[in-house]
Ligand code: HEM
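In the working numbering, the protein residues as written are 3 to 217.
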């Protein structure tokens, strides 16, 4: 049987390309957006990671999701430092989620509560992406808005405690391959991963409407 890590990667390939091709991402990477748009995007991530990471304590002992719960991945503290830098000390009072972000965060929360395999699909889609393409976004953001390299503003993209991301990703794929899933279970997790990508694309679409640069 094909390793699950290969299956989930190939099965979500098309959704990955679609997320990457979104106008908002293109504008962000192309340096066509202002700092306000970057801050708005970072704020949306806060809601998603709040949903992902408020579940970790409870899921740490779960046989399916537990092995994926790793303190070195946690992004919420970094996001909060970035937001304080981008928005100032009162950033928390001004937090607001786009409807698409609420939908995304709700889905993550629902999976965290009821379906550990679905939670892993969301976990994979975010953290493995952050460890990969996230590094390209960091580089562009540092250049576009003059953040200190790996400093405030882009800490979300910096995994201080992961010295070797490639090795970490290999270990992560081994965890995926070891998931106790039968064929139907694999299909369901892959389906949730596609949904996770679609939820991200929906957030990009909403951000693109708010910051219509390429139009
Ligand atoms: C313009 C934006 C993006 C760029 C440039 C980008 C780029 C990349 C690159 C270069 C990889 C490494 C592939 C490899 O290891 O062979 C990757 C992997 C990945 N990306 Fe993205 N990506 C982007 C957006 C996204 C988004 C929006 C998501 C989902 C929220 C995402 C999720 C993932 C995942 C889950 C992987 C790991 C695939 C695997 O090895 O299993 N990416 N991305």
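All C-beta atoms, glycine included, are put in the ideal place defined by N, C-alpha and C.
Computed from a predicted structure; not experimentally measured.
Quiz item: Would DSSP call residue 2 helix, strand or coil?
Solution: Only positions 3 to 217 of the chain appear in this structure, which leaves residue 2 out of reach.
Self-check item: residue 152 - DSSP class collapsed to helix/strand/coil
Solution: coil
Quiz item: Over what stretch of residues does the alpha helix (DSSP H) that includes residue 100 continue unbroken?
Solution: Bounds of any alpha helix (DSSP H) do not take in residue 100, whose DSSP letter is neither H nor E.
Quiz item: Should residue 200 be listed as close to the ligand HEM, given that the test is whether its C-beta is under 6 Å from any heavy atom?
Solution: no
Practice problem: Verify the contact flag: residue 22, CB atom, against every heavy atom of the ligand HEM, threshold strictly below 6 Å. | Solution: yes
Quiz item: If you compare alpha carbons, which of 180, 81, 12 and 55 is closest to residue 159?
Solution: 81
Quiz prompt | Top-ranked residue by Cα proximity to residue 191, from 13, 4 and 140 | solution = Residue 191 has its Cα closest to that of 13, out of 13, 4 and 140.
Quiz item: What are the start and end residues of each continuous alpha helix (DSSP H) run of 4 or more residues lying completely inside the segment 59-134, in chain order?
Solution: 78-89, 101-116 and 118-125
Quiz item: If you run the structure through DSSP and keep just helix, strand and coil, what is residue 27?
Solution: helix
Quiz prompt | Pick from 43, 23 and 20 that is closest to residue 103, judged by C-alpha positions | solution = When each option's Cα is compared against that of residue 103, the closest is 43.
Quiz item: Just to check, is the beta-carbon of residue 134 closer than 6 Å to a non-hydrogen atom of the ligand HEM?
Solution: yes
Self-check item: Inter-stretch contact (C-beta, 8 Å, three-pair minimum) for the segment 172-191 and the segment 114-127
Solution: yes
Self-check item: Cβ pair residue 202, residue 21 closer than 7 Å
Solution: yes
Exercise. Just mark residue 4 as buried or exposed, buried being the case when its beta carbon has 16 or more other beta carbons within 10 Å.
Key: exposed
Quiz item: Excluding sequence positions up to five away, which residues of its chain have a Cβ less than 7 Å from the Cβ of residue 86?
Solution: Contacts found: 93.
Quiz prompt | Beta-carbon gap between residue 37 and residue 147 smaller than 7 Å | solution = yes
Exercise. Mind reading off the beta-carbon distance from residue 198 to residue 127? Whole number of angstroms is fine, and I expect it under 8 Å.
Key: 4 Å
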